[in-house]
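See structure below.
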Amino acid sequence: MVAFPLQMPGDGVKLFGFTVGHIHMDLGYFLAGEAGRITIPVTAYLIDHPKGLALFDSGLGARYARPANTPIDGIVDLAEGETIDCRLRAIGVDPADVRWIVASHLHVDHAGGNAYFPNATVIVQKAEYCHAFGEAEGDPVYDRADYDTGQPFLRIEGEHDLFGDGAVVVFPTPGHTPGHQSAKIRIEGAEVVLAGDCCSLRRSLEDLRLPEHCHDAGLFLSSLRRLAQMKRCGALVIPSHDPEVWAKVPKGVPILPGALVS
Ligand SMILES: [Zn+2]
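In the working numbering, the protein residues as written are 61 to 322.
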């Protein structure tokens, strides 16, 4: 007699996306050699698993928040109510209930909201932790005020199955930074990949294009190729900062895999 599992990985898992500000910057920052400027969304996610709540990245921090009725400065914009704590409260989630923050990496546009989650454990690759608390000192894209916020860190090396059931698996995608990581999430039988800055724009992955600056170009390309292979096998890869892709991702409601097929 064949025993069918009562529960499959991903059953009962919900994924929510949030826009946590915008940044206006050179396109070459993402695609080497490209001229012009681009306005990108800053993105963060809530993963609602039967065993607890987790964030994937926390967006820009409060110091970037623009008071209501003041003009946009033209580079970074985080309007009132756009910080990740406000985004969660708007859907009835108390930031104090978040148990984990999976940090793709510790740059200012990915870890800026960590302080809003006092009861969370921050999950980072050990290489990212060591870099952020070591040689990144003085690098303007790393600010200890974002990530030296008192919560415990879980420093991992390699893959990490967050809930032990295969529903949310964190995996290393180094290159953009020494310890960059992405996450694959099973939803309704589909595999959704939150790429982080391993793949900032759709074209990064489609054309295997590197940015002008990265920590390690060879590792970056290997990580991009890994994502490309996952995509060929059917994974739905969401870039971190692609305005057109992000426009199609529903915000503040569960993301259904069908919405990600273009
Ligand atoms: Zn970024």
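Ideal Cβ placement from N, Cα and C applies to all residues, glycine included.
In this text the structure is predicted, and so the values were computed from the model without any measurement.
query, result
"Beta bridge counterpart(s) of Asp86 as assigned by DSSP", "Arg97"
"Rounded separation between Val208 and Leu254 - CA only", "Correcting the residue type first, residue 208 is Asp in the shown sequence and not Val. Taking the straight line from one Cα to the other gives about 24 Å."
"Assigned secondary structure, Ser242 (DSSP; H/G/I helix, E/B strand, else coil)", "strand"
"Cys293, buried or exposed, once every other Cβ within 10 Å from all chains shown has been counted against 16", "exposed"
"Beta-carbon proximity of Val136 to His84, cut-off 9 Å", "yes"
"Per-residue DSSP class, three states only, for Ala227", "coil"
"Span separating the alpha-carbon of Thr103 from that of Phe76", "11 Å"
"Selection from Leu115, Gly172, Val162 and Arg123 that minimises the alpha carbon distance to Val153", "Leu115"
"The beta strand (DSSP E) enclosing Val162, as first and last residue numbers", "Val158 to Val162"
"Buried versus exposed call for Gln289 [16 or more other C-beta atoms within 10 Å across all chains shown]", "exposed"
"Inter-residue spacing [alpha-carbon to alpha-carbon] between Thr181 and Gln211", "6 Å"
"Ser260 CB to nearest heavy atom of ligand 1 below 8 Å", "yes"
"Given Arg126 as reference, the closest of Ile107, Arg215 and Leu138 once Cα atoms are compared", "Leu138"
"Pairwise C-alpha distance: Ala122 and Ala205", "11 Å"
"Span separating the alpha-carbon of Ser242 from that of Gly256", "6 Å"
"Three-state secondary structure assigned by DSSP to Ser173", "With the sequence shown as reference, residue 173 is identified as Gly, and Ser is not the correct amino acid for it. DSSP places Gly173 in coil when its eight states are reduced to three."
"Sufficient close CB pairs (3 or more, under 8 Å) joining the segment 261–270 to the segment 215–229", "no"
"Close beta carbons around Trp306, own chain, < 6 Å, minus the five adjacent residues each side", "Pro101"
"Asp145, buried or exposed, once every other Cβ within 10 Å from all chains shown has been counted against 16", "buried"
"Residue burial classification, Lys308 (beta-carbon count within 10 angstroms, cutoff 16)", "exposed"
"Cβ shell of Glu94 (< 7 Å), same chain only, five flanking positions each side left out", "Leu87 and Gly88"
"Of the residues Glu140, Ala175 and Lys244, the one placed nearest Phe223, counting alpha carbons only", "Lys244"
"For Leu279, the nearest candidate out of Ala163, Pro234 and Val230 (CA to CA)", "Pro234"
"Pair within 9 Å by beta-carbon distance, Leu287 and Leu270", "no"
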